[in-house]
Each structure stands twice: as structure tokens, then as C-alpha cells.
């Protein structure tokens, strides 16, 4: 499995574990948009109810870091989407 696919799956699982619904509720979040740069991977995850969940989603950084074996994520939001950027190992 590619690193970006593993990260996408892990991030969506963390969101779901925290009770945050996304548009990618299946176990394989293949519809998560990934942007791969030279040293980072940025994932865009659309939230099912951004008005309700966006503030909570922005607080999952520590859970994502733990789930991704120490990657330190940068999280931000734009409209209905949560963006997560992590450095590639």
C-alpha cells in the first residue's frame, strides 16, 4: 500500500473514531483527495456536517500524530473540508 493511501485511511479512521462524519464513510477512503509534494502529503477530507464537526476535526492533531507513528500533522479548514498535511518519511 502506498504511503499516501495508508495516511488517508488512518486519518479518516481517526475522524470516525472521534465521531466526526465524513463523505468517505467506507473502510477504504479512496475518494480522499491527495496532493503529493516533494516532502509532504496533503489530504483533503470533506466533512459530512462541517458546521457541526469542523471545530472538533481541527483538534485531532495529537490522535493523528499517534496513529501515524509520530508524523506531526498540520491541520486547517476551508469551507466544508479539512486539510491535513504531513511530512513524508
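Residue numbers (the working numbering): 1286 to 1374. All C-beta atoms, glycine included, are put in the ideal place defined by N, C-alpha and C. No experiment lies behind these values; they were computed from the predicted model shown.
Query raised in the report: Should residue 1319 and residue 1332 be called a contact, given that it needs their Cβ atoms to be closer than 7 Å?
Result: Locating residue 1319 in the chain shown gives position 34, counting from the first residue. Locating residue 1332 in the chain shown gives position 47, counting from the first residue. No.
Query raised in the report: Who are the near neighbours of residue 1236 in its chain, counting only those whose CB is closer than 8 Å to its CB and skipping five residues on each side?
Result: Any answer about residue 1236 is impossible in this case: the structure gives the chain only from 1286 up to 1374.
Query - First and last residue of the uninterrupted alpha helix (DSSP H) at residue 1349 - result: Reading the chain shown from its first residue, position 64 is the one you call residue 1349. For residue 1349, the uninterrupted alpha helix (DSSP H) run begins and ends at 1346–1352, by DSSP.
**Report entry** Alpha-carbon spacing of residue 1314 relative to residue 1297, whole angstroms
**Finding:** By 1-based counting over the chain shown, the position of residue 1314 is 29. By 1-based counting over the chain shown, the position of residue 1297 is 12. Low per-residue confidence applies at residue 1314: pLDDT is 48, beneath 50, and the placement is therefore not dependable, though the value from the model is reported in the following sentence. Approximately 7 Å, taken between the alpha carbons.
Query raised in the report: First and last residue of the beta strand (DSSP E) that includes residue 1367?
Result: What you label residue 1367 is simply residue 82 of the chain shown in a count that begins at 1. Here the beta strand (DSSP E) through residue 1367 covers 1366–1372.
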